[in-house]
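Student: Pasting a structure below so you can have a look.
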Amino acid sequence: AEVEYETHKSPSIYVEFDLTPASAGQLTAAVPALTGRALSVLIWTTTPWTIPANLGIAFHPDFDYAAFDVDGRVIIIAAQMADAVSAGTGHTFVNPLVSFKGAALEHLAFQHPLYPRESKGVLAHYVTLEQGTGAVHTAPGHGADDFATGVKYGLDVYAPIGRDGRFLPEVDIVAGMKVFDANPVVVAALADRGRLFAQGEVEHSYPHCWRCHQPVIFMATPQWFISMDALRSVALSEANSVRWHPDWGRERMTGMFVNRPDWCISRQRAWGVPIPALSCEGCGHSMLTPAIVERAATAFANSSADAWYEEPIATFVPEGLTCESCGGTTFERERDILDVWFDSGCSHEAVLAKRPDLQWPADLYLEGTDQYRGWFQSSMLVGLGTRDKAPYVGVLTHGFVVDERGRKMSKSLGNTVAPQQVIQEHGAEVLRLWVSMVDYRDEVRLGKAVLARTVEAYRKIRNTFRYLLSNLFDFDPALHSVAREDMHEVDRFAVSRLANVAAGVEQAYLDYNFQSIFHAVNDFVTVDLSAFHADVSKDRLYTLHADAPERRSAQTASYLMADALSRLLAPILSVTADE
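The end of the sequence shown is residue 1962 by this note's numbering, with every number in the run present.
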């Protein structure tokens, strides 16, 4: 979520990996036509700095690979890539000596072009024929696909780079160098050893940081995880029991739990809530035990989470603690912090569970549609981990506010609408009424034209109240109310119609369907009350004697409707019948 892709120029290199003599013998035993020839495989990469971390070469098991005699050397590439490789390297790949399936290259050993170690031939279905050579340079410490393949084949997760983005001191040739600074050094070293087949430059889409817009690298690092194995089934069950608004939230959340990997809860930041773990100074083994956590919790309660960095290490080491791995007795504190989503996911424990005037679980969680992968999900997992139950009964999600043309609001576009500005110009009730008018499930539009329509609707509602209340200038409901069966026909119709509207509105509140509330009330005010207004204004209220049944009937209807409307609109507007 924090990675954006921008155009970037990278070096483009083709590198030869020789088969070891033993593996060359294995291949020629299966493919006799190659007997007596020195064999190599050609890979292509735009990240020369990852060559020091290479531990394998990936082939597609079903692709046809061919051996070509190129300038007296026998080089293996995917048969279909011959023309593209010829164009990219300036060397001619024609008239293959022999071809065979990629599966024949599995488990073969290749000599690393820079260091005295071997790289293993592995099979992977993500290998494509879209670019490169059909043989993919594999560094398990620098890419998700590479990592998964490395795990499958038992390769080390080798990422010899420190947190400062520099190669570790023990890495020959590039020790201490920044990764991108190492690119030309690696290329030169490959050329010196006769392993650089061709080089150039490519302009392509490359991952960048969304904040500083600098290119980023992929690197495997040790992290803390919460396993989903024990949580997945109960998470699916609890998600299905939650009331989701809109209904599609259930499918979205359950789909995420079905496919979710283990939860990585550690981050490397200079601030945040620390993970209260200790690592052995002797062997580096990490320990996170209840006793350590309790000591940390006590220290945090006394002087905040900063105690982890300010208190001596002895504060957090339980008496008699020894390393589970080597038996060591000296420890260093963990420097990773908790994922902020873990922090926010604990909010129900920090708020609901700690205050006697509140209850756990929450009736409703309310946030934007982006929180299915964030707050909603982390809260659920924390709730399941601590109480085996979802921390909320219902979840309501809404879209985001955009301008009248559907564009995201931003200061640079000058299309923002500040709530304070709306309140100052039109009052808070217009803003609340607008919220009830829009379909919050999608992106909601706001601007001058939208607000003008909202102001007009608000005026109609206010004028209706004023009219109904003006009818009651000499009416005391305790003395003058008329029984329903004795009311005038048009009065009974208006009150009955409002009763039907009220039933629908009350259910809409329970369903959080606020838009239908506004439309139902607005239709009643502008359509159903027209006959009542006309009849009352024409002759009944002002021409009849004060105690005339027809007049008291109209006043009773006005009182009942003003009271009912005020109750129906109370969650949206502050108007009351007392006005």
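Positions of the beta carbon are idealized from the N, C-alpha and C atoms, including for glycine.
Determine the direct distance from the alpha carbon of A1679 to that of E1977, and round the result to whole angstroms.
Tutor: Nothing can be reported for residue 1977: it is not among the residues displayed for the chain, which extend from 1384 to 1962.
Student: In three-state DSSP terms, what is H1871?
Tutor: By one-based count along the sequence shown, residue 1871 stands at place 488. Three-state DSSP puts H1871 in coil, outside helix and strand.
Student: What does a CB cutoff of less than 7 Å around F1783 pick up in its chain, not counting 5 residues either side in sequence?
Tutor: As a first step, residue 1783 must be located in the sequence shown, where it is residue number 400. The answer, listed in chain order, is G1751 and E1826.
Student: Compute the distance between the beta-carbons of I1426 and A1518, then report whether it is under 7 Å.
Tutor: On the sequence shown, position 43 is the one that residue 1426 refers to. On the sequence shown, position 135 is the one that residue 1518 refers to. For I1426 and A1518, yes; Cβs fall inside 7 Å.
Student: Along the alpha helix (DSSP H) that carries E1812, what are the first and last residues, could you check?
Tutor: Taking the sequence shown and counting its residues from 1, one reaches residue 1812 at position 429. Unbroken alpha helix (DSSP H) run through E1812: A1811 to M1820.
Student: Quick one: what's got a C-beta closer than 7 Å to Y1589's C-beta in the same chain, skipping five residues either side?
Tutor: Along the sequence shown, one-based indexing puts residue 1589 at 206. Contacts found: Y1388, E1389, H1391, S1393 and P1598.
Student: Provide the residue span of the alpha helix (DSSP H) that contains G1533, from first to last.
Tutor: As a first step, residue 1533 is located in the sequence shown; it is residue number 150 there, counting from the start. Taken as a continuous stretch (DSSP letters only), the alpha helix (DSSP H) holding G1533 covers A1527 to Y1536.
Student: With a Cβ-Cβ cutoff of 7 Å, do D1719 and S1819 count as a contact?
Tutor: Here residue 1719 corresponds to residue number 336 of the sequence shown, with the count starting at 1. Here residue 1819 corresponds to residue number 436 of the sequence shown, with the count starting at 1. Not closer than 7 Å, so no.
Student: What separation, rounded to the nearest whole angstrom, lies between the Cα atoms of G1789 and D1753?
Tutor: In the sequence shown, counting from the first residue as 1, residue 1789 sits at position 406. In the sequence shown, counting from the first residue as 1, residue 1753 sits at position 370. Their backbone Cα atoms lie some 18 Å apart in a straight line.
Student: Skipping 5 residues on each side, what residues in its chain have a beta carbon closer than 7 Å to that of D1822?
Tutor: In the sequence shown, counting from the first residue as 1, residue 1822 sits at position 439. Q1898.
Student: Here's the rule I'm using: 16 or more other beta-carbon atoms within 10 Å means buried, otherwise exposed. How should V1386 be labelled?
Tutor: Taking the first residue of the sequence shown as 1, we reach residue 1386 at position 3. V1386 should be labelled exposed.
Student: Just verifying my parser: in three-state terms, what is the DSSP assignment at I1991?
Tutor: The structure shown has nothing for residue 1991, since the chain only spans 1384 to 1962.
Student: Quick check on the DSSP output: what are the complete beta strand (DSSP E) runs of length 3 or more inside the stretch 1471-1534, in order along the chain?
Tutor: The stretch 1471-1534 contains these whole beta strand (DSSP E) runs: 1481-1484, 1492-1494, 1501-1506 and 1519-1521.
Student: Assuming D1452 is part of the beta strand (DSSP E), what are its boundary residues?
Tutor: Here the question's residue 1452 lines up with position 69 in the sequence shown. D1447 to V1453 is the span of the beta strand (DSSP E), which, as asked, contains D1452.
Student: Beta-carbon within less than 6 Å of C1706's beta-carbon, same chain only, minus the 5 sequence neighbours each way: which residues are those?
Tutor: In the sequence shown, the residue the question calls residue 1706 occupies position 323. For C1706, where only same-chain residues beyond five positions count, the Cβ hits under 6 Å are C1663 and H1668.
Student: On the DSSP letters alone, give me the boundaries of the beta strand (DSSP E) that D1771 sits inside.
Tutor: Here the question's residue 1771 lines up with position 388 in the sequence shown. Per DSSP, D1771 belongs to no beta strand (DSSP E) and is neither H nor E.
Student: Kindly indicate which three-state DSSP category D1906 falls into: helix, strand or coil?
Tutor: For the purposes of this step, residue 1906 is identified with residue 523 of the sequence shown, where counting begins at 1. Of the three classes helix, strand and coil, the one that applies to D1906 here is helix, per DSSP.
Student: Go through its chain and collect everything with a Cβ distance to V1919's Cβ below 6 Å, but skip five positions before and after it.
Tutor: Numbered from its first residue, the sequence shown carries residue 1919 at position 536. Around V1919: A1937.
Student: So, helix, strand or coil for Q1582, using DSSP?
Tutor: Within the sequence shown, the letter at position 199 stands for residue 1582. If DSSP states are grouped into helix, strand and coil, Q1582 belongs with the strands.
Student: Hey, out of E1715, G1524 and V1656, whose CA is closest to S1686's CA?
Tutor: Mapped onto the sequence shown, residue 1686 falls at position 303. Minimum Cα distance to S1686 is reached at V1656.
Student: Note down, in chain order, each residue of its chain lying with its Cβ closer than 6 Å to the Cβ of T1847, except the 5 sequence neighbours on either side.
Tutor: Position 464 of the sequence shown, counted from the start, is the residue given in the question as residue 1847. Excluding sequence neighbours, T1847 sits near V1908.
Student: Quick check on S1616: buried or exposed, where buried means 16 or more other Cβ atoms within 10 Å of its Cβ?
Tutor: As a first step, residue 1616 is located in the sequence shown; it is residue number 233 there, counting from the start. The residue is exposed, with fewer than 16 neighbouring Cβ atoms inside 10 Å.
Student: So, helix, strand or coil for K1963, using DSSP?
Tutor: This structure cannot settle anything about residue 1963, because the visible part of the chain is limited to 1384 through 1962.
Student: I'd like the span of the beta strand (DSSP E) that includes D1401, first residue to last.
Tutor: If you number the sequence shown from 1, residue 1401 lands on position 18. It spans V1386 to L1402 - the beta strand (DSSP E) in which D1401 sits, taken as one unbroken run.
Student: Looking only at its own chain, which residues have a Cβ that is under 7 Å from the Cβ of V1554, when we skip the five neighbours before and after it?
Tutor: Your numbering for residue 1554 matches position 171 in the sequence shown. Same-chain partners within the cutoff: P1435 and P1543.
Student: Are the beta-carbon atoms belonging to L1852 and A1945 less than 7 Å from one another?
Tutor: Working through the sequence shown from its first residue, we reach residue 1852 at position 469. Working through the sequence shown from its first residue, we reach residue 1945 at position 562. Cβ distance < 7 Å, so L1852 and A1945 count as in contact.
Student: Given this structure, state the Cα-to-Cα distance separating V1873 from R1880, to the nearest angstrom.
Tutor: Locating residue 1873 in the sequence shown gives position 490, counting from the first residue. Locating residue 1880 in the sequence shown gives position 497, counting from the first residue. Their Cα atoms are separated by approximately 10 Å.
Student: Give the single residue among S1610, D1454 and V1534 whose Cα lies nearest to the Cα of L1422.
Tutor: By one-based count along the sequence shown, residue 1422 stands at place 39. Of S1610, D1454 and V1534, the residue nearest in Cα terms is D1454.
Student: Confirm, please, whether the CB-CB distance from G1439 to K1503 is below 7 Å.
Tutor: Locating residue 1503 in the sequence shown gives position 120, counting from the first residue. Locating residue 1439 in the sequence shown gives position 56, counting from the first residue. Yes, Cβ-Cβ distance for K1503 and G1439 is below 7 Å.
Student: Just to confirm, is the Cβ distance from T1637 to L1614 under 7 Å?
Tutor: What you label residue 1637 is simply residue 254 of the sequence shown in a count that begins at 1. What you label residue 1614 is simply residue 231 of the sequence shown in a count that begins at 1. Their beta carbons are not under 7 Å apart, which means T1637 does not touch L1614 by this criterion.
Student: Could you tell me which of P1739, P1431 and L1816 sits nearest to V1570, measuring between CA atoms?
Tutor: Working through the sequence shown from its first residue, we reach residue 1570 at position 187. Looking at the Cα atoms, P1431 is the closest of the given residues.
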